[in-house]
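Number of protein chains: 2
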Amino acid sequence: MADINSHIEIGVTTGPIRGSRKVYVGERRVAMREIELEPSSGEPPVRVYDTSGPYSDPDAQIDINTGLPQLRREWIMARGDVEDYEAREVKPEDNGQLGPDRSGGVPGYPNVVKRPLRAKAGQNVSQMHYARKGIVTPEMEYVATRENLGREMAREAASGGESYGAAIPSLVTPEFVRDEVARGRAIIPNNINHPETEPMAIGRNFLVKINANIGNSAVASDVASEVDKMVWATRWGADTVMDLSTGRNIHDTREWIIRNSSVPIGTVPIYQALEKVGGVAEDLTWEIFRDTLIEQAEQGVDYFTIHAGVRLPYVPMAAKRVTGIVSRGGSIMAKWCLAHHKESFLYEHFDDITEIMKAYDIAYSLGDGLRPGSIADANDEAQFAELYTLGELTHRAWKEDVQVMIEGPGHVPMHKIKENMDKQLEVCGEAPFYTLGPLVTDIAPGYDHITSGIGAAQIGWYGTAMLCYVTPKEHLGLPDRDDVKVGVVTYKLAAHAADLAKGHPAAQLRDDALSKARFEFRWRDQFNLSLDPETAEEYHDQTLPAEGAKTAHFCSMCGPKFCSMQISQEVRDFAAKQNQSSDGFIMAQQSGADAAEASRKAAEEGMREMAEKYAEKGSELYLPAEE
Amino acid sequence: MADINSHIEIGVTTGPIRGSRKVYVGERRVAMREIELEPSSGEPPVRVYDTSGPYSDPDAQIDINTGLPQLRREWIMARGDVEDYEAREVKPEDNGQLGPDRSGGVPGYPNVVKRPLRAKAGQNVSQMHYARKGIVTPEMEYVATRENLGREMAREAASGGESYGAAIPSLVTPEFVRDEVARGRAIIPNNINHPETEPMAIGRNFLVKINANIGNSAVASDVASEVDKMVWATRWGADTVMDLSTGRNIHDTREWIIRNSSVPIGTVPIYQALEKVGGVAEDLTWEIFRDTLIEQAEQGVDYFTIHAGVRLPYVPMAAKRVTGIVSRGGSIMAKWCLAHHKESFLYEHFDDITEIMKAYDIAYSLGDGLRPGSIADANDEAQFAELYTLGELTHRAWKEDVQVMIEGPGHVPMHKIKENMDKQLEVCGEAPFYTLGPLVTDIAPGYDHITSGIGAAQIGWYGTAMLCYVTPKEHLGLPDRDDVKVGVVTYKLAAHAADLAKGHPAAQLRDDALSKARFEFRWRDQFNLSLDPETAEEYHDQTLPAEGAKTAHFCSMCGPKFCSMQISQEVRDFAAKQNQSSDGFIMAQQSGADAAEASRKAAEEGMREMAEKYAEKGSELYLPAEE
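Sequence order for the protein chains is F and Y. Mapping the first sequence onto full-length UniProt numbering, position 377 (from 1) lands on 377, and the numbers just tick up by one. Mapping the second sequence onto full-length UniProt numbering, position 430 (from 1) lands on 430, and the numbers just tick up by one.
Right, here's the structure in full:
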């Protein structure tokens, strides 16, 4: 970890992720990581998807006060459809109203853009708009290269997954990306005022993505730790980050985060709007909300969670639930609706919001304000009533070529998960689904990264495009740095398990490389290929700390004398040395014990021959090499 | 934690699990835990399944040197079919051959039974044998009461699960238990020389169980920490414990564990047999193995993992795998088969083993020596060839009324999990399946409790009866106390998620109680109802350490000013106060957006009325009580 000298002291973690180096691939210089294997393996480096941004590049100049390089600036300007203009003035209430000291310890960002970009009058700068006009943008090209990762290598590999109707190509072309975005099956969240992003796609036919939530709250946190958490979360694999700050200094905190983030940033604008009215939901107005959208659009937020599906008639449906309304945005809108006895202003002004979205290319993340907060409430009428409205809104946004994804639950027992996915696909026209977990039981607070990881892996398999992480602190407190890492790694493994099960053509390459390393006792390769090399090595060293043990051909479970991995190696060596393919023993497609028995007899025949050969050669498991 | 005064210093954790008290239910005095809720809740205590044994009973006298009370002794003797006899003499090699100091720091157990029990000549003392004769044993009665937990309360509750063909009753009767054991669909592992056990059942139509592995190894561990881990694992929910010790002092370590365990103990006898021949697999003989079985049978091991399915012809099938043979028992037998070019002596002597099993009522756990050790090897010919043989052996054991369960993988991607379950049910005649995970990806060493917890929850849902835990140290090192707890809690939550998804009639009671506590800000109830109250409270306190915060009506995520839970409560209060049932807003079974729209209109109508009433009453969300 390196502490960066900056006007304010914000330490972020930089430098290569252990055992890997940054590479830039193709014309668009797409960032990836390459994990070099030990020469003894005779295998090429393994390329892995990389969300860590310039921070893991030792050649990158990192200055938190300047922000990241603006990779996309040129692409945006080259399209000729944007203009710069005088930014909305920052108001005291943008940072909360808790007394005269509006800084609250958070200095304003030193490098604020004074003239943000927006679409010229009558123009639409969304990736969906370009896609539908048949234009392949540099962003789409970047995504294609990024998603292709390993696919060339894997072309031969049979995927064999069950994709539940997804259409995962054997090779991702820029044209494929364009088509997916045009159909609304994928989004590339990329505010034109956040040119620091490395483009990425969220969609069922791409790799399953994960989101990490950060954000200060009314009772804890500060900007330094939030920026650090953002960099930390992306280092371990967060594809997007949501800044869910509440309380003070929301505006300035967000500016620090966006300027230093190479991944798309999402927010829930109603949180900030609520702070502007002193936390009194019923005092919210469309005008205050709209002003907040513009404020955040100019800063560069890439997607907005908008709880426009929490409609007045649905609110009482939550009254008979075990846990009512657990979405913060949902309950704000429910309270507003009840207090005014009016339809939600988000719903009423949806088309006005869409106009803002298309002027900056902000994607909708249609919020599930009525998601179930407990197993008892899963898949109930309130939840699905809202989902139907989200479907209606999806089609309204699509009419204006605005990108949309749909947020999903929550707490759902396993047997009710698939219904969520199926309904969402049907009602929302295959717009990407973005779910929180779901948690498959309520009884394990402190372990809800796991209860939700179980649900996340399943719903990702069924077709969810992005999984919102849950940390061990869920329901209990604010995640610290360690919690963020555990949440991210848990969700990376869940997303990867989903990619494997869907039959992603290249997903298994990393599993195979790691398993081979494990089998051959290349401990360092095993650590480096894992999602969290540091923890893997630390755990190993707790039992066998000696440096020599990392190259030793045994592990702590069996000890030096006997090792099952070693014996399997002997079995393999033996089979190979006998120059006899094991094909002679291949059991034909087994349909029952009879086939097995027949096959077994054939195998026994072969074994007798082998036994003789083995005896001839002196009955040694280790035969001299090059015999 | 209390350190017990004993001849050797073995500290084990005693005393009630926080927030709960031990209760003994019914004629058989079945141990359970009751979690008392805050009086404000107005709810009865929640009864939960309890594996912690006498250790969590403050009235129990715990003396590690004496062992636990022999709950079942009387039941066993009353059947009149056993005799005691002179125990086999303990030999030096029983504790390993690594030098003259055979104690290696482990003293012999002070209270060894000199005259163990066995079936009288011609008798069979297995629970399956009694069951098939129509006898309902006290063990079956105990199991019925234990499994019934909460079912009376839940009779009204619709289960709504998807059980994949399981036959879970709304109430478990002793006769139901007998029938399941007679059919071979469930086992009650209960060696007559381990009368300290509290009987439990493993079967698809009972609660999903979990196993924790402990055991010293050639490079680490000692007896004190293994006994402590056993008690610790059962405290958090392990239904059985396997002692997988290798290296020195295996015999004495096991004695300490069994005498102090109230849960069934399983072993892999081939591990000890291997130590007896100095770790040289090819020196193993049937005679040494048989002697080891008798040795362990007399000590009271409740189930034996026997890798009798690793047959000579299958061994070469593993040669072309990415990770060969990863089962330690499987590789021992593979090496033996290759070295001798003979069929496995376990397979050849299977019926001889069965004779021993029925003399002590030891259950088979037919080992999956050829389970896949990587995603690449899942569901391959070696694995399924062995499974077919396990099916054959199951029926052979059943002919002699010996209880059987079947071990399963391993590493399996999600889309291949169900095939494992389906094949196992078909081939093994519904004998209980007992799986290790499976891990759904290989790329997360350090997090394999999670990669495997995902697979475990799914395969448990599909019908697996017992899930063998995996700790965070899997593949890397030996689990310590903390790892054991994390592994157990992870598997408890996976097993519970499976029970929920299968539609177990009472499973959701605990979820509902916890969620209600969460919704009502009964923090202490939320902690106490969770699988790990200590961790839940610790995490909460990291953000809000003040004692007052535990009763405060807010949490750290939203802060005191705004809280979504609080708003939902207001929504509910409002609906209730209006004396208007929310039924008026119930959306009929939704078949599509049209139905939703129609229903929405009806709901709007109702809302207008409510709005008027609300305005009449002064537009307050909190109305005065008892208005």
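Cβ atoms here follow ideal geometry from the backbone N, Cα and C, with glycine treated the same way.
Is it buried or exposed, residue i, if we count other Cβ atoms within 10 angstroms and call 16 or more buried?
i, result
"TYR49/Y", "buried"
"GLY503/Y", "buried"
"GLU287/Y", "exposed"
"GLN61/Y", "exposed"
"ALA382/F", "buried"
"VAL30/Y", "buried"
"PRO92/Y", "exposed"
"ASN148/F", "buried"
"ASN111/F", "exposed"
"SER56/F", "buried"
"GLU175/F", "exposed"
"THR323/Y", "buried"
"residue 646/F", "This structure cannot settle anything about residue 646/F, because the visible part of chain F is limited to 1 through 627."
"SER582/F", "A caution first: SER582/F carries a pLDDT of 38, below 50, which makes its placement in the model unreliable, though a value can still be read off. Buried is the call here."
Any beta carbon of chain Y sitting closer than 9 Å to that of residue i?
i, result
"ALA596/F", "Confidence in ALA596/F is poor, its pLDDT being 45 and thus under 50, which makes the residue's placement unreliable; the coordinate value appears in the next sentence. Chain Y contact via Cβ: present."
"residue 629/F", "Here chain F covers residues 1 to 627 and nothing more, so residue 629/F does not appear."
"SER530/F", "yes"
"TRP398/F", "no"
"ILE325/F", "yes"
"GLY19/F", "no"
"VAL440/F", "yes"
"HIS475/F", "yes"
Taking residue i and residue j to be in contact with their CB atoms under 8 Å, please state how far apart those CB atoms are, rounded to whole angstroms.
i, j, result
"GLY247/Y", "ASN216/Y", "6 Å"
"ASN191/F", "TYR360/F", "5 Å"
"residue 707/F", "GLY487/F", "There is simply no residue 707/F to check, as chain F begins at 1 and stops at 627 in what is shown."
"GLY373/Y", "ILE306/Y", "Wrong, their Cβ atoms sit about 20 Å apart, outside the cutoff."
"ALA318/F", "GLN508/Y", "In fact, because the Cβ distance is near 19 Å, the residues do not count as touching under 8 Å."
"ALA297/F", "ILE362/F", "6 Å"
"SER20/Y", "ASN528/Y", "7 Å"
"LYS358/F", "SER126/F", "5 Å"
Quick check on residue i - is its C-beta less than 9 Å from some C-beta in chain F?
i, result
"ARG572/Y", "yes"
"LYS133/Y", "no"
"THR464/Y", "no"
"TRP461/Y", "yes"
"PRO413/Y", "yes"
"ALA536/Y", "yes"
"PRO138/Y", "no"
Nearer than 8 Å: is that true of the beta carbon of residue i relative to any heavy atom of the ligand NAD?
i, result
"ASP442/Y", "In the structure on display, the ligand NAD does not appear, and there are no ligands present to speak of."
Using DSSP bridges, identify the partner residues of residue i.
i, result
"LEU71/F", "None, per the DSSP bridge assignment."
"CYS468/F", "ASN211/F, LEU436/F"
"MET32/F", "VAL23/F, TYR49/F"
"MET405/Y", "SER365/Y"
"ARG518/F", "Paired residue(s): none; ARG518/F is not in a bridge."
"GLU83/Y", "ARG118/Y"
"residue 632/F", "Only positions 1 to 627 of chain F appear in the structure, and residue 632/F is not among them; the question remains open."
"ILE187/Y", "ILE202/Y"
Does the stretch 450–462 of chain Y come within contact of the stretch 461–468 of chain F, defined as at least 3 CB pairs closer than 8 Å? no
Please confirm if the stretch 43–59 of chain Y is in contact with the stretch 165–180 of chain Y, defined as three or more CB-CB distances below 8 Å between the two stretches. no
Say whether the stretch 327–345 of chain F touches the stretch 297–304 of chain F, bearing in mind that this needs 3 or more beta-carbon pairs closer than 8 Å, one atom from each stretch. no
Contact between the stretch 465–480 of chain F and the stretch 429–443 of chain Y: three or more CB pairs below 8 Å? no
Pairs of beta-carbons, one from the stretch 77–84 of chain F and one from the stretch 261–269 of chain F, closer than 8 Å: are there three or more? no
Count Cβ pairs between the stretch 489–499 of chain Y and the stretch 438–452 of chain F that sit closer than 8 Å; are there 3 or more? yes
Is there contact here, the stretch 200–210 of chain F with the stretch 465–473 of chain F, by at least three beta-carbon pairs under 8 Å? yes
With contact counted as at least three CB pairs below 8 Å, one residue from each stretch, are the stretch 405–419 of chain Y and the stretch 531–546 of chain F in contact? no
Report yes or no: do three or more beta-carbon pairs, one from the stretch 389–409 of chain Y and one from the stretch 178–188 of chain Y, lie closer than 8 Å? yes
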